[in-house]
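I have placed the structure first, in the form of structure tokens, so that the comments after it can refer back to it.
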Amino acid sequence: MNRVFIKTYGCQMNERDSEAVAAMLRARGYRIVPDEDSADVMLLNTCSVRDMAEQKAIGKASYLAQKKKRNPRFVIGILGCMAQNRGAALLDALPDVDLIVGTQKFHQVPDHLDNLRAAQAAGAVLPTRIVDIAEEAGSQNTIREHVLEDRQVTAFVSIQQGCNMDCAFCIVPKTRGDERSRPMDEIVRECEELADRGVREITLLGQIVTSYGRRDYEHTGGISPFVQLLERVNAIPGLKRIRFTSPHPRGFKDDLVAAYGRLEKLCEYVHLPMQSGSDRILKLMNRPYSRDRYRQIVDDLRRVRPDMYFSTDIIVGFPGETAEDFEQTRALFEACNYDMAYVFKYSVRSGTPAAAMADQVPDEVKEERNQVLLRLLEQNSDRRNATLLGTTQEVLVEGPDKKGVQFMGRTRGNRIVHFAAHERLIGELVPVKINRASTAVLYGELALAGVER
Ligand code: 5AD
0 MNRVFIKTYG CQMNERDSEA VAAMLRARGY RIVPDEDSAD VMLLNTCSVR
50 DMAEQKAIGK ASYLAQKKKR NPRFVIGILG CMAQNRGAAL LDALPDVDLI
100 VGTQKFHQVP DHLDNLRAAQ AAGAVLPTRI VDIAEEAGSQ NTIREHVLED
150 RQVTAFVSIQ QGCNMDCAFC IVPKTRGDER SRPMDEIVRE CEELADRGVR
200 EITLLGQIVT SYGRRDYEHT GGISPFVQLL ERVNAIPGLK RIRFTSPHPR
250 GFKDDLVAAY GRLEKLCEYV HLPMQSGSDR ILKLMNRPYS RDRYRQIVDD
300 LRRVRPDMYF STDIIVGFPG ETAEDFEQTR ALFEACNYDM AYVFKYSVRS
350 GTPAAAMADQ VPDEVKEERN QVLLRLLEQN SDRRNATLLG TTQEVLVEGP
400 DKKGVQFMGR TRGNRIVHFA AHERLIGELV PVKINRASTA VLYGELALAG
450 VER
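Per numbering that gives the first Met the number 0, numbering of the sequence shown is gapless, rising by one per residue and ending at 452.
And the structure:
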């Protein structure tokens, strides 16, 4: 019982947590296997942000329960946000689940599996179940080990857990708990070690990264702790690029905007969740900014970096959203000219303030509004691609593309590029001339004089 497969749902934070769990399990002698069929432990690291995400994981767990009927020693674990959100109640719907581990207890997974294994070895007849969803002080510091693939170029680094913003639609304060930051020195050390191991691009992760360290560190000379952290990561010699996600618009004060002008490794790609372009809906959502303020941040950033790429999150069909409110969102969405956007149909999350609000929007209306924004996004993306054709872009070579035919990398603006290259260029910044584009991928060729491909 030591072959583990971890399936991850949801955001990059979840991916990072899964990776840390994998590293801890390996250190304990477990094998992380690349396919479900050869696993005898299956861990689902779950997402609760929308109902669909929960339903997917529940469906998967029920399917796995069949497997357990054939092999009673097969272990099913549910980790992360849905485990935290639903706790032991999950066992009512999924009686075959052995392990439920919340978002502050990922580091306990090896111990829990050891204990389940010991119980099995001792011939436990009754199912032994473990539910561990308590809060734990300092748990934000436990997501630090990495499993790096051979020649891995990019990595996520968790800098903070939790969120205190209380957006009316959002379950995350419940699933991830209070905002807690890791010590800056530890984060910097982790980034340095990753750079020593060959990582060239780091994405700093947290539920609200722009609030990083606000209770632990002073502003110095008008510079927030988050920007201080960016400065220190920017100074690590081996690193070439820095990204972060997710920020909050209210974190984009002058110091962060100016950082884009002076920190050369900070990529000109900003994910800036708008959620809605209607002041009335923003207020109902408990989002502390106006559409004008949001627009001003976009303009400020474009002033510092005219080549800035923007992405956003939008919720359509928040309770009470009228055609007029949506029109405000559509207009602001169009004006911001996003390169990328994640558009979500509002999903009722039990226990959040919005769940109890009147005027829930019918699903067809949500779908219509969703389509309007997706069409705009496609147009924007095509327009951006057209401007990239014929230009030479700086690309960080990550490795072979999915088909293993060419190599892939990303521009600083986070566009995926495929091109012919040589393996020894993995981890290098290379100029690539763009000569073709599909919506999701740019195609090009190395523009290196005298470099063999
Ligand atoms: N319904 C739909 N989308 C949601 N999000 C968060 N909560 C909900 C919800 N109840 C979206 C927000 C957030 C992203 C991660 O998920 O846009 O930024």
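Even for Gly, the Cβ is constructed at its ideal location relative to N, Cα and C. Because the structure is a prediction, the values reported are computed rather than measured.
Item, Value
"Per DSSP, which one or two residues make a beta bridge with residue 392?", "431"
"Residues in its own chain within less than 8 Å of residue 257 by CB, not counting five upstream and five downstream?", "303"
"Keeping to the same chain, check which residues put their C-beta closer than 8 Å to that of residue 388; ignore five residues upstream and five downstream.", "433, 434, 435, 436"
"Consider the C-beta atom of residue 151 and the heavy atoms of ligand 1; say whether any pair is separated by less than 7 Å.", "no"
"Looking at the secondary structure, which residues open and close the beta strand (DSSP E) in which residue 410 lies?", "406–410"
"Using C-beta distances below 6 Å, list every residue in its chain close to residue 207, excluding the 5 sequence neighbours before and after it, in chain order.", "162, 247"
"Could you tell me the alpha carbon to alpha carbon distance between residue 410 and residue 238, rounded to whole angstroms?", "15 Å"
"Below 7 Å CB to CB, which residues in the same chain sit around residue 452 once its five sequence neighbours on both sides are set aside?", "Reliability fails at residue 452, whose pLDDT of 48 lies under 50, so the model's placement of it is uncertain and the value that follows must be treated cautiously. Counting only Cβ-Cβ distances below 7 Å, and skipping sequence neighbours, we find 419, 420, 421, 445."
"Can residue 293 be considered in contact with ligand 1, in the sense that its beta carbon sits closer than 7 Å to one or more heavy atoms?", "no"
"Since residue 196 and residue 147 should fall inside the 8 Å C-beta cutoff, what is the C-beta to C-beta distance between them, to a whole number of angstroms?", "6 Å"
"Could you tell me if residue 386 is buried or exposed, where buried requires 16 or more neighbouring beta carbons within 10 angstroms of its beta carbon?", "exposed"
"Based on Cα-Cα distance, which residue from 259, 277, 50, 296 lies nearest to residue 271?", "296"
"Kindly list the residues whose CB is nearer than 7 Å to the CB of residue 375, restricted to its own chain and excluding five residues on each side of it in sequence; keep chain order.", "332, 333"
"May I have a chain-ordered list of the beta strand (DSSP E) segments no shorter than 3 residues that lie completely inside the segment 208–277?", "240–244, 268–270"
"Looking at ligand 1, does it come within less than 7 Å of residue 405, judged from the CB to the closest heavy atom?", "no"
"What did DSSP end up calling residue 524 once you bin it into helix, strand or coil?", "Summary: the structure shown does not reach residue 524, with the chain confined to residues 0 through 452, and so no result is reported for it."
"For residue 438, count neighbouring C-beta atoms within 10 Å of its own C-beta (all shown protein chains included) and say buried if the count is 16 or more, exposed if not.", "exposed"
"Work out the CA separation of residue 284 and residue 351 for me, nearest whole Å.", "11 Å"
"When burial is assigned at 16 or more other CB atoms within 10 Å of the CB, is residue 98 buried or exposed?", "buried"
"Quick one: measure Cβ to Cβ for residue 52 and residue 77, integer angstroms, because I've assumed they're closer than 8 Å.", "With 8 Å as the limit, residue 52 and residue 77 do not qualify as a contact, their Cβ atoms being about 13 Å apart."
"Compute the Euclidean distance between the alpha carbons of residue 118 and residue 155, then round it to the nearest angstrom.", "35 Å"
"Could you give the C-beta distance for residue 226 and residue 254, rounded to a whole number, given that I count them as a contact under 8 Å?", "5 Å"
"Going by CA-CA distance only, name the one from 262, 340, 45, 204 that's closest to residue 105.", "45"
"Can you find a heavy atom of ligand 1 that lies under 7 Å from the Cβ of residue 343?", "yes"
"Is residue 174 closer than 8 Å to residue 47 when the C-beta atoms are compared?", "yes"
"Does the distance between the C-beta of residue 80 and the nearest non-hydrogen atom of ligand 1 fall short of 7 Å?", "no"
"For residue 43, which option in 96, 269, 71, 49 has the closest C-alpha, if you only look at C-alpha atoms?", "96"
"Is residue 452 helix, strand or coil when you go by DSSP?", "Because the pLDDT at residue 452 is just 48, under 50, the model does not fix this residue reliably, and the point stays unresolved."
"At the level of alpha carbons, what is the spacing between residue 315 and residue 39?", "41 Å"
"Report buried or exposed for residue 341, applying the criterion of at least 16 other Cβ atoms within 10 angstroms of its Cβ.", "exposed"
"Report the residue ranges of all alpha helix (DSSP H) runs contained in full by the segment 353–378; include only those spanning at least 4 residues, in chain order.", "none"
"Could you check if residue 15 belongs to the surroundings of ligand 1, using beta carbon to heavy atom distance under 7 Å?", "no"
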